[in-house]
Structure formats: structure tokens, C-alpha cells
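Take a look at the structure set out below.
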Amino acid sequence: MPRVFVSKIKKYYSFYTGGFVMFVLALAVAEYMGMPDQWIGWTFMAATVALYAGIGIMSRTADVTEYYVAGRRVPAIFNGMATGADWMSAASFIGMAGTLYAKGYDGLAFVMGWTGGYVLVALLLAPYLRKFGQFTIPDFMGARYGGHMARTIAVIGTILASFTYVTAQIYGVGIITSRFLGITFEVGVFVGLAGLLVCSFLGGMRAVTWTQVAQYIILIIAYLMPVVFMSYQVTNVPVPQLVYGAVLEKVTAREDEIMADPAQASARDAYQARADALGARIAMLEAGHNPAAGEEIAQLKHGREIAEAKARPLNHHAEPFPGRTEAERDTARLNFIALTFCLMVGTASLPHVLIRFYTTPSVREARESVFWSLFFIFLLYFTAPAYAVFAKYEVYTNLVGTSIVELPGWVASWAKLGLVMVEDINHDGILQLAELTLNPDVIVLATPEIAGLPYVVAGLVAAGGLAAALSTADGLLLTIANALSHDVYYQMINREASTTRRLAVSKGLLLLVALVAAWVASMKPDTILSMVAWAFSIAAACFFPALVLGIFWKRATKQGAVAGMLVGLGLTLFYLVGVKFYGMAKWFGITDVSAGIFGIPAGFATILLVSLFTPAPDRETQNMVESVRYPALNL
Amino acid sequence: MQLTDKHREYWRRNLKLTGVLLAIWFTVTFLVVWYARDLSDIVFLDFPLPFWVGAQGALIVYVMLVRHYARRMNELDEEYGVAEDGR
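Protein chains in written order, with our numbering: chain A, 391 to 1025; chain B, 4 to 90.
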């Protein structure tokens, strides 16, 4: 690794970070001088997307290694930032703090799962994949388990896990651009698509990598800034991660007050009365056996669920696995563990993350690069719980108990978009906690306003959310297109294809996949969005056992791997679809999202069993396994 | 190039290191979660202990585990003469 190259890149990105901070400050001054909000929004959006496009055009390439793995010369620290941006999606940036707000301790499964998975990446996969040194994950399956079977299943797994995920990212881009620029959602989706393609189309992995580094810098600044200000306002210490324990204690005390307050109880009772009334109506309709009433019954049941949730007594934010009975608490604990496990193993199996470790110059740097990746991801995930607690403190102390006509301005502005709802169910003119409905996304989006910061900070947050969504979508798009062009077209259909032709096919497929994903996203498919969390279980069950045993157990055979991948993937899909769409009874109360908890062990067991009953792999394959284990050994 | 005893010893030490680090990973994640309700009354840095572990402690341990592994393995590469050239 030439040191000149590293120090040049460091210099570029330091200038860039400084320039970005100056740009934000300049906009803040412009706002102070009277620049309208809408203009600030447009300037932010245009400047950041133009920047990504500029990097994309500068990184254009016609070289296969540059296009697929950025020339394998991305230094550890920059690969870490790129992995961070690749990894943290719109859901992490916008949704995570909201989930933690809503679920308290139980939401920490996401925080632990999405960071702890990198321990598995570091210890079990990254260095070995780097030594193997090809282009895609199906490449590894193809080389280790010979023939096209394993490769084909891996391609199918890659597409299954990545496609719903990329659709959700494009959907997120549409939401952010439409809300922020005042254009319609469908137009927003296609604006986002253009933003995506300028990065990946010309320069493949090389362009995506260097844009992702730029996007990481924007997203982390945007994420930290509002909560640092809020922390300073509440505690006079601008390090939210250190001081929110004390704020959490105040939240806990306030929770007890809210539970003891008769006015709060009256609001909850009113919701219970509503739930009971809806229940009576449902019973009446169901007794009528009228098939036409099915739709109405479903709606009423949904309404009853919401009312019942509001009537329930408050749980403490920091209480693990709240529940009414011991059995309920045990199921909650089991689900927490299953979810954490699936998210971790899924993190270590998602192809768009793993291929990032093909891009470092050496095994040594691949190991260091996982550390940097986790460190940069840690910065955000370690802050998210603080966001949630500060927001809760603000809502519980300054919002709950105030008169409904005197609510702060941000409540009304987000209510207009349907993300905040207030209903005075007990008609006392005062806001009780049960009367307030917050969409989880609002926590991060509204924090700048809650903390009374200028609009420029809200613009920064939107630019950060956009950076998070675009960077993840780019990584995923490239992964899907490369699986199709490299593994299906080049490896299976036309081994004689020239470099020019291979790249032309890759770019054509990239465009096609992007258009299909944008078209699906523009239809706002609810089912697709709820299926995103499945990607982790699907990837985990399909890839993890075959990858890990492929490296650590020489005896694992082709037949074993193929059977294991099929059983793992099959069982996971069977459970997911059965529980979600066909009302299948849950096994041990495990929710569909954690289906991998059954698929992963089943995959391991199948590979072990089938391998022992089939002939050991040939000398050549065993040599390949040996050679990935030692950085400087080539057998 | 053939595998030597030195290679095998390198691999054994790698497996041992990986095993120990995974055991720590397992403990801070799953063991703490399993006993979370029982540990809730312990206060650490103003937080209930299991909440702090889930929100900060476990994450810090993960970062340290990965850092330690990278350092130690890069040392072992040199020690056993399996490091890549060109650095």
C-alpha cells in the first residue's frame, strides 16, 4: 500500500469535511439573514447530490477489478467508513432511535445485534474471504463447493436478501425527498434513483466506495449534532452518551408520577372503554356470519388493538421484558435473544457487507478494516439510545400535562404530516400520555425542532438520512447486479466474454435492477416494507453455515453445502411465510422476524450430516481451504 | 509450498484465540440478557446494569474484541512467517 496514496486520500477527506462544515455554517448565516426554509432544503439536497455525482464521475472506470472491488486498494480506515455507510440504512438513521423510544430496553436487541455481528465478521469471515480474494460471495461458494449448484443457490439467496432491502431504501429516499423538497412521493423516488445511479453506474465499486466515505461523514455529523445540542440544553454537558443515565433516572421517576396521576388514568380508562365498545361491535358482526363484513371486522380489530395498547399501564423504559405474566415475560426474553442472534448472524452473512472486505489491499488490512467499520458504526448505535431517552424526557416532562391549545409548534407541524396525533379522549383540555401518538420516525426528524435549533439543522438531518439511504441502496444494487453479471452471466453463461462486454452487461443489469426496485418502491408496498427485517434471517440461514464450515471444516462437501443451504433457506422461508401469511402456530412463541433461529442450526446440522455420508472433497479443494487460512500461503 | 508443523501451530493458536473471544462475545450478549431481570436493581453509572450493558457496555466490548483480534493475528502472522509481503 503506497503511503503517498493514503496520505493524499486523508488530505482530500479532511478538506472535504472542513468544507462541509463551512457549508453548513454558511447556510446557518444565510438563514439568519432571512433565507426561506424551502431554499435551505433545496440547497442542501442539490449540494450533497452534486457532490456524490462529482465523486462518481471522477471514479469512473473500465477496469474489471476496479469496477467489482475498487482495485483492492481501499485502506482499512476508509473501507471502515464505507462499510459504515453501506451498513447504516435509512432505518438505522431515522428509525432506530424511534424504536428504542417505543420499546425501551427491548429495542436494544437491534443495537446489540447490529454491532455484535461484526465480531462474527471479524473472527470467522473477513480475513479468510480477503485471502480468497475473488469478487462475490457466490464466487466463494462456487470455488469451495465446486460446480454451479452451490453458486446458483448463493445467487438466489443474495437476490432474496438484497432486493426487498434495496426497495425499502429507495422508498426511504422517496419519503425524505418528498417531505423535504415538497415534491410528490413518486417523483421523489425517481429523483433518488438518479442520485443512486450517478454514483454506481460509471464507476461500480470504486465510485460507490469513495462516495460512501463522503456519505458516512455527512451522516455521522448530522446524527450527532442535534442530540449533542439537546444534551447541552438539558444537562449542560454536550456528551449525550455519558450523561443520559441521569436523564433516564428522571424519566423513570416521571413514569411513576404518570402512573399515579388520576387524570392520566382517566385517559387510559377512556381508551379501555373504547376497546370494549369495539369488541362488542366485532362480536355482533361475527355472530352475523356475513362474509361482506370481513373487511370491517379487520378494521375494527385493528382499532381495538390500538385502543388496548393505549389503555395498558406504562412500562418503565429500562425494564427488561415487561409483561403481565411470567410466561409473557419469558417469551419476550426468548424473542429478544432470538432476534439478537438472527441480527448478528445476518449481519455476518449479508453479501453487500461481506464483499466490502474484498476491497482492502491485504488480509492484515481486512482485519483492521473490520475494527474501523465497527468503530464507525458504534458511534451511531451508541448514540441512538441517548436520542430516545432525551426525546422521552422532553415528551414526558414538557409535553404531557400541558394544555392542548398551548402545545409547541413542532407538534402541529408534524401532525400535518400524520406523524404525530393528539386526541383529547377525556375532554379535559390537557394532554395525557395515552392521548399522544408518535410515529417512531419523528424522534430523529423532530429533535432539531424539539431542541429549538435553527432550520438548517433539520436540513442537515434530512441530508444525513438521504446519505444513509443512498449509500446502502448503492451497495445493495451493486451486489445484486454483480451476482447476476459476474456469477450468472460470466461464470455460467459466457466464460469467453471480453472485459468490455462483462462491464457492459454489469452496467446494463445495474440499470435494470435499479429501475425495477424504484418501480416497486413507487407503489408503496406495505408487505415489502414489513419483509425487510426478514433479510437478516434469510441471509443468515442461507450463507452462514456454508461459509463458516467452508473455512473451518475441510471435510464439508459439495453435497453437504448444497443440502444445508437448501434446508436452512427452506425452513426459514417456510416459517416466515407460514406465520406471517397463513396463521401458522408459532414455535416456542418466536416471531416471524427471527425465523433464522430455526434455519441456522438446521443448516449447520444438515451440512455436518450430509458431509459425513458423502466422499471427502478432493485434494485441490482441501488445498484451497488451507490457503485461505494463512495470509502468505499459496498451495 | 507444503504445510509445516509451524503452520499447524499457527492455525491452532488462531482457533484458540477465536474461541476465547467468541466466549466473551457470548457472555456479554446472551448471558447478561438471560439474567437481565435479576440484574435490574444494580445501578452502574446511573443506569440499571442490564440497560447499560445493552446500550453501551456490550458495544464497547465488541469493538475491543475486534481490535484485539486484529492486533494479535497480525502479530502471529509475523511470528510464524505467514505475513504477506510488500508491507
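We put the beta carbon where it would ideally sit given N, CA and C, even for glycine.
Of A:900, A:931 and A:864, the smallest CA-CA separation from residue 558 of chain A is found for A:864. For residue 881 of chain A, the number of other beta carbons within 10 angstroms of its own is at least 16, and it is reported as buried. The continuous alpha helix (DSSP H) containing residue 734 of chain A extends over residues 716-737. Interface annotation, residue 66 of chain B: in contact with chain A, CB-CB separation under 8 Å. If you draw a straight line from the Cα of residue 418 of chain A to the Cα of residue 852 of chain A, it comes to about 15 Å. In this structure, DSSP gives residue 85 of chain B a state outside helix and strand, which the three-state scheme calls coil.
Assignment of residue 938 of chain A by DSSP, reduced to helix, strand and coil, places it in the helix class. The stretch 777-788 of chain A and the stretch 740-756 of chain A do not touch, with fewer than three beta-carbon pairs separated by less than 8 Å. Per DSSP, the beta-bridge partners of residue 820 of chain A are A:793. One Cα belongs to residue 45 of chain B, the other to residue 60 of chain B, and the distance between them is close to 14 Å. At least one CB atom of chain B sits nearer than 8 Å to the CB of residue 513 of chain A.
Contact check between the stretch 958-973 of chain A and the stretch 10-24 of chain B: fewer than three CB pairs, one atom from each, fall below 8 Å, which does not count as touching. For the beta strand (DSSP E) assignment, the uninterrupted runs of no fewer than 3 residues enclosed by the stretch 770-815 of chain A are, from N- to C-terminal side, 810-812.
Residue environment for residue 835 of chain A: buried (at least 16 other C-beta atoms within 10 angstroms of its C-beta). Residue 51 of chain B carries a strand assignment under DSSP once its states are collapsed to helix, strand and coil. Counting C-beta atoms within 10 angstroms of its own C-beta, residue 477 of chain A has 16 or more neighbours from the protein chains shown and is therefore classed as buried. Short of 7 Å from the beta carbon of residue 990 of chain A, and not among the five residues preceding or following it, lie these beta carbons of its own chain, in chain order: 735, 930, 931, 934, 935 and 958. Fewer than three beta-carbon pairs drawn from the stretch 878-896 of chain A and the stretch 574-585 of chain A are found closer than 8 Å, and the two stretches are therefore not classed as touching. Secondary structure at residue 464 of chain A: coil, using DSSP grouped into helix, strand and coil.
Within 9 Å of the CB of residue 757 of chain A, the CB atoms of chain B belong to 69, 72, 73, 74, 76 and 77, in sequence order along the chain.
Contact residues of the stretch 724-751 of chain A toward chain B are 726, 727, 730, 731, 734 and 751 (C-beta to C-beta distance below 9 Å).
For residue 775 of chain A, at least one C-beta of chain B is nearer than 8 Å to its own C-beta.
If you ignore the 5 residues before and after residue 776 of chain A, its C-beta comes within less than 8 Å of the C-beta of 617, 621, 630, 631 and 634, all in its own chain and listed in chain order.
Around residue 40 of chain B, the beta-carbon contacts reaching into chain A at under 9 Å are 709, 710, 711, 719 and 723.
Listed by position along chain A, the residues whose Cβ is nearer than 7 Å to that of residue 60 of chain B form an empty set, because the closest Cβ is around 10 Å away. When the alpha-carbon of residue 760 of chain A is set against those of A:518, A:613, A:490 and A:546, the nearest one is in A:518. Proximity of the stretch 863-877 of chain A to the stretch 821-838 of chain A falls short of the contact definition, fewer than three beta-carbon pairs being nearer than 8 Å. Every alpha helix (DSSP H) stretch that sits fully inside the stretch 612-668 of chain A and reaches 4 residues is listed by chain position as 630-650. Secondary structure at residue 750 of chain A: coil, using DSSP grouped into helix, strand and coil.
Taking the Cβ atoms as the reference, residue 950 of chain A lies roughly 4 Å from residue 1000 of chain A, within the contact range of under 8 Å. Each residue's CA atom was taken as its position, placing residue 592 of chain A and residue 538 of chain A some 30 Å apart. For residue 827 of chain A, the three-state secondary structure derived from DSSP is strand. The beta-carbon of residue 505 of chain A is placed less than 8 Å from the nearest beta-carbon of chain B. Interface flag for residue 1020 of chain A against chain B is set, since a Cβ pair is found closer than 8 Å.
In summary, the residues of the stretch 637-671 of chain A whose CB is separated from some CB of chain B by less than 8 Å are 638 and 639, in the order they occur in the chain. Contact note: residue 686 of chain A does not reach chain B at a C-beta cutoff of 9 Å; the least C-beta distance is about 41 Å.
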